[in-house]
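Numbering (the working numbering), first residue to last: 1152 to 1563.
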Ligand SMILES: C[S@@+](CC[C@H](N)C(=O)[O-])C[C@H]1O[C@@H](n2cnc3c(N)ncnc32)[C@H](O)[C@@H]1O
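Here is the structure:
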């Protein structure tokens, strides 16, 4: 039997990324997290190799010396490069240094880091550049990409940054996009996106409950859900008549001599201004307060609608309004760690199982902990299928490298 490539995994959570690698044929020999319930979930479903504890307190000597790949979706709240002179003022900012430490100490062939999209814009790109430079200084060839999970067959438009590095002197492999819009004229080789309905439609009329139950010959675990479906949001204080505002803005735009294109350029938008002046089929939109004040500066209009457009108050979302929050016929919005979406056609939030399915966890993957903790583990995770696709591309690259190496050895 062919030897399996081995993995050490930091910030493993309940194991979404690790499971993807396992499904692609890798073996995880060591993992770590300090989130108790996530570790419990990991142990039950994946294995006892996970160590519960704070990684900053675990010396390298307690971690195996030999593994091929290091994984780590490092947290990055409040990164800062400027004001701390890279000191450890907020220790959480620098958890990627734990990846650096292990790369330096253990020299894996590849490493894979994962993070939120916001990492790319932090400090105008300085943060990601600092991280990449730090990895490169250890002699690794490093590349990062923003990856949208739905493009790889996950029923969710989740976007995350993946940083891959290797010390083999080869190009970093990233998986090829396989899914897209059905009517994408430019790319008809793609499989249509999976929708929320495709994957969790069968649970929509099934009442939630604490205990597992049988459905169509399969056991359904964790079909439990928060039932608070009301929430607060900042809404306009006054009734706004969109047609009236559009006519008004159009009048002032004509008077000022600004073209819609020039207004878009001024704001740095692509097609937004067109919507402010359009009233035809209700496809227009009313400017946000900041945009309104800026428009006022350039078009010079009077105060007639200032209050109506810019005054907001905290309102309660009614269930009927929240129905529109999730996309039943499309891939889901991002499943987050803080709280799930409201179910598109039930008076409850998405259940833990529904979130897990959208995150492509297998049906028999069981979660442990309080309701909030289960939602958190799932929202934190890399979709298993996306992990698997990334793993497969790395596996192919490693196989290719090994093949070429033995060819080189034979010819020497
Ligand atoms: C984004 S989640 C990673 C999820 C994981 N990649 C997956 O696919 O399921 C980040 C994890 O880092 C863990 N973490 C944060 N600081 C840590 C520390 N100092 N030591 C160990 N784990 C830590 C958190 O508990 C959390 O589970």
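C-beta atoms are modelled at their ideal positions from N, C-alpha and C, and glycine is treated no differently.
- For residue 1402 and residue 1415, the gap between their C-alpha atoms comes out near 17 Å.
- In terms of side-chain proximity, the C-beta atom of residue 1174 is found no nearer than 8 Å to any non-hydrogen atom of ligand 1.
- DSSP, read as helix, strand or coil, puts residue 1409 in coil.
- Residue 1292 has 1317 as its beta-bridge partners, per DSSP.
- In the structure shown, residue 1362 adopts coil according to DSSP, grouped into three states.
- For residue 1443, the enclosing alpha helix (DSSP H) begins and ends at 1440-1450.
- Using a Cβ distance threshold of 9 Å, residue 1400 and residue 1440 do not count as a contacting pair.
- With contacts defined by Cβ atoms closer than 9 Å, residue 1168 and residue 1222 form a contacting pair.
- Relative to residue 1354, the option among 1494, 1445 and 1527 whose CA is nearest is 1494.
- A buried status is given to residue 1326, since no fewer than 16 other beta-carbon atoms sit within 10 Å of its beta-carbon.
- When the Cα atoms are used, residue 1371 and residue 1361 turn out to be separated by approximately 11 Å.
- Counting other Cβ atoms within 10 Å of its Cβ, residue 1181 reaches 16 or more and is therefore classed as buried.
- Residue 1463 has 1387 as its beta-bridge partners, per DSSP.
- Assignment of beta-bridge partners to residue 1262 by DSSP yields 1221 and 1316.
- Straight-line measurement puts the Cα of residue 1271 at about 9 Å from the Cα of residue 1297.
- A straight-line Cα-Cα distance of about 31 Å links residue 1162 and residue 1331.
- Checking the 8 Å criterion, the Cβ of residue 1518 is out of range of every heavy atom belonging to ligand 1.
- Cβ atoms of residue 1211 and residue 1253 come within 8 Å of each other, at about 7 Å.
- Here residue 1311 is not near residue 1535, since their CB atoms are 9 Å or more apart.
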